[in-house]
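Each residue of the sequence shown is one higher than the one before, counting from 1197 in our numbering.
The block underneath contains the structure these notes are about, expressed in structure tokens.
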Amino acid sequence: MKSTTLFKLAVAALAALVTACTTNPTSAPEPSSPSPPVAASRPVAADRAPSVLIQGRSNKAILDDIVQWRTQQKKMTVRSRSSDRVELALSVQRTSTPTEARISYVISKEGDGVRLSARVFQFSYPGTTRETGLDVTQSMADKLQEELERYRKPASSW
1197 MKSTTLFKLA VAALAALVTA CTTNPTSAPE PSSPSPPVAA SRPVAADRAP SVLIQGRSNK
1257 AILDDIVQWR TQQKKMTVRS RSSDRVELAL SVQRTSTPTE ARISYVISKE GDGVRLSARV
1317 FQFSYPGTTR ETGLDVTQSM ADKLQEELER YRKPASSW
């Protein structure tokens, strides 16, 4: 019973993290030092993840908007970034075990555009030999899809 309650609490916390925000950032992003590249936490199966087809935007511009919104509005930190992928993380508070939410965005070429997909994971004991992960993407698919739609346009037009 206790683990079910903790799981529901963690999923609720993750849902709050992913909830789309319609406000524009009021200040320029602060320069941040990127963390060293980290191998993907989990393989990303883009065919099962919420995704959106984007045309007329570069990978860099899309990933810059994601990083800006997630770090400024949601206070997440960048775990790793490449030219077609970014992974962000945030510690989940009020849990009996150390827990971290991670969201991974992947861009893949599709026709004359790019497909942006996202997956969300919950990790217990992050960064330790006891680290275990749970894919919670499906429980947050609607909010993820809503968020992904915004990246079709530059952040300045949100």
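A virtual CB, placed ideally from N, CA and C, is assigned to each residue, including glycine.
- In summary, glutamine 1334 is exposed, with fewer than 16 beta-carbon neighbours lying within 10 Å of its beta-carbon over all protein chains present.
- The beta-bridge partner set that DSSP reports for glycine 1252 is empty.
- For alanine 1337, there is no enclosing beta strand (DSSP E); the residue is found in the alpha helix (DSSP H) stretching over 1337-1346.
- Counting the other Cβ atoms within 10 Å of the Cβ of glutamate 1342 gives fewer than 16, which makes it exposed.
- Taking the CA atoms as reference points, glutamine 1268 sits about 25 angstroms from glycine 1329.
- Of the other Cβ atoms in all chains shown, 16 or more fall within 10 Å of the Cβ of serine 1320; this residue is therefore buried.
- In the DSSP assignment, threonine 1273 forms a beta bridge with Ala1285.
- Distances from the CA of isoleucine 1299 to each of Gly1252, Trp1265, Ser1254 were compared; the closest alpha carbon is that of Trp1265.
- When C-alpha distances from proline 1246 are compared across Leu1344, Ala1351, Arg1348, the shortest belongs to Leu1344.
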